[in-house]
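J.:
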Amino acid sequence: MSTNFAIIGGDLRIIKLAKMLAGEGNKIYTYGLEKAEELKNRENIIFCEKLNQALQNTEIVIGPIPFSSNGKEINSPFSDETISVRELMHGMNAKILIAGSITPQIYDLANDEYIEIIDIMKREELAVLNTIATAEGAIEIAVSNTNKIIHGSNVLILGFGRIGKVLAGKMAGLSANVTCAARKDEDLAWIKTYGHKSTNINALGENLSQYDIIINTVPHLILTSERLQYVNEEALLIDLASNPGGIDKKTAKERGLKLVWALALPGKVAPVTTAEFIKDTIYNILKEIYKK
Numbered sequence: 148m149s150t151n152f153a154i155i156g157g158d159l160r161i162i163k164l165a166k167m168l169a170g171e172g173n174k175i176y177t178y179g180l181e182k183a184e185e186l187k188n189r190e191n192i193i194f195c196e197k198l199n200q201a202l203q204n205t206e207i208v209i210g211p212i213p214f215s216s217n218g219k220e221i222n223s224p225f226s227d228e229t230i231s232v233r234e235l236m237h238g239m240n241a242k243i244l245i246a247g248s249i250t251p252q253i254y255d256l257a258n259d260e261y262i263e264i265i266d267i268m269k270r271e272e273l274a275v276l277n278t279i280a281t282a283e284g285a286i287e288i289a290v291s292n293t294n295k296i297i298h299g300s301n302v303l304i305l306g307f308g309r310i311g312k313v314l315a316g317k318m319a320g321l322s323a324n325v326t327c328a329a330r331k332d333e334d335l336a337w338i339k340t341y342g343h344k345s346t347n348i349n350a351l352g353e354n355l356s357q358y359d360i361i362i363n364t365v366p367h368l369i370l371t372s373e374r375l376q377y378v379n380e381e382a383l384l385i386d387l388a389s390n391p392g393g394i395d396k397k398t399a400k401e402r403g404l405k406l407v408w409a410l411a412l413p414g415k416v417a418p419v420t421t422a423e424f425i426k427d428t429i430y431n432i433l434k435e436i437y438k439k
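Read in order, the letters of the sequence shown are residues 148 to 439 in our numbering.
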């Protein structure tokens, strides 16, 4: 059964998503995507000149991922228009908003307008699938920014959550010497179970000098100024964690270390695949909503 969607703002992932949804017979009303040339003259995609025109035809609104970078305007890189969060919320009265990385302040505004918010980035199925693109993106960065091959390189992965597990497996598949660092005894046990070397994050220090590539997945500071003094000056540091990240960037710069802070990799390295993951997750959400 086809559905009407309003898609407001968003990056390349959202553009690919709009094409997929329209191609499956859904009608898409867009605003804040007027610079997305690949959506123009496509069946089932309607460009709206005003925000309320896009919103009036559906109860399901798809927003950007992340929804807003400053809490005031939604992310709309394919538009010259500034779309305020407050304006969107006011126009969405009693509708459903599906977007990503939504802050508590946005939820407060939504409550005032009787809007149901679903943060798609909190959906387990999407989080799991996104780890694949993140891991492959990290490997792409490693290949592009080192003068050695992955095979035989000493790789340290900080954290053994979803991303750490997938990344360690893929690095090991490329014949890297993989060590994973964690704090919890159960995580250290799982690291050994997966066949990787393990080390406790609390024990990091002089042992950091042996690694060619260090990849952080932990969303708080791990490689402090004190620890960075032990990192080999030829090593590549990759930080996959969201702001403020897990590596002291000021110290890394002062020491002349090569650091890549790689945020939102799924959307950058694999927008089509990521859009497919988002689409499938949205369909799962709709099934749950209309079962109620």
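Just so it is clear, CB atoms sit at the ideal spot from N, CA and C, and this is done for glycine as well.
Since this is a predicted model, take the numbers as computed values, not measurements.
Curious, which full-length beta strand (DSSP E) runs of at least 3 residues does the stretch 240-317 contain?
T.: 243-246, 263-266 and 301-305, all fully within the stretch 240-317.
J.: So what does V419 bridge to, in DSSP terms?
T.: V419 pairs with nothing; no bridge assigned.
J.: Do T371 and S345 come within 8 Å of each other at the CB atom, strictly closer than that value?
T.: The answer is no: Cβ separation not under 8 Å.
J.: Helix, strand or coil for V378? Go by DSSP, reduced to three states.
T.: DSSP places V378 in coil when its eight states are reduced to three.
J.: Can you list, in chain order, the residues of its chain with a C-beta nearer than 6 Å to that of A241? Leave out the 5 residues immediately preceding and following it.
T.: Within the same chain, A241 has close Cβ partners Y261.
J.: If you draw a straight line from the C-alpha of K166 to the C-alpha of L412, how long is it?
T.: Cα to Cα, the separation comes out at about 21 Å.
J.: Identify, in the order they occur along the chain, each residue of the same chain with its Cβ nearer than 7 Å to the Cβ of E525, setting aside the five sequence neighbours on each side.
T.: Since the first residue of the chain shown is 148 and the last is 439, residue 525 is not available in this structure.
J.: Give the DSSP-derived three-state secondary structure of F225 in the structure shown.
T.: In this structure, F225 counts as coil in the three-state DSSP scheme.
J.: Name the two residues that bound the continuous alpha helix (DSSP H) containing A336.
T.: Counting along the chain, the alpha helix (DSSP H) containing A336 begins and ends at D332 to T340.
J.: Short check: CB of D218 to CB of V232, under 8 Å?
T.: Before going on, a small fix: residue 218 reads as Gly here, not Asp. Their beta carbons are under 8 Å apart, which means G218 touches V232 by this criterion.
J.: Consult DSSP for I429 and reduce its assignment to one of helix, strand or coil.
T.: Three-state result, I429: helix.
J.: So, for P213: in the same chain, excluding its five sequence neighbours on each side, which residues have a beta-carbon less than 6 Å away from its beta-carbon?
T.: Closer than 6 Å at Cβ, skipping near neighbours: G247 and S248.
J.: Please determine whether the Cβ atom of G156 lies at a distance below 7 Å from any heavy atom of the ligand SAM.
T.: In terms of ligand content, the structure shown is empty, and the ligand SAM therefore cannot be addressed.
J.: To which residues does DSSP link C327 through a beta bridge?
T.: Answer by DSSP bridge pairing, in chain order: I304 and S345.
J.: If you run the structure through DSSP and keep just helix, strand and coil, what is N217?
T.: Residue state, collapsed to three classes: coil.
J.: If you compare alpha carbons, which of Q376, T281, T428 and G172 is closest to K415?
T.: The option with the nearest alpha carbon to K415 is T281.
J.: When the Cα atoms are used, what is the spatial distance from I267 to P418?
T.: When rounded, the distance between both Cα atoms is 16 Å.
J.: Shortest alpha-carbon distance to A382 belongs to which of P366, W337 and I362?
T.: Per the Cα distances, I362.
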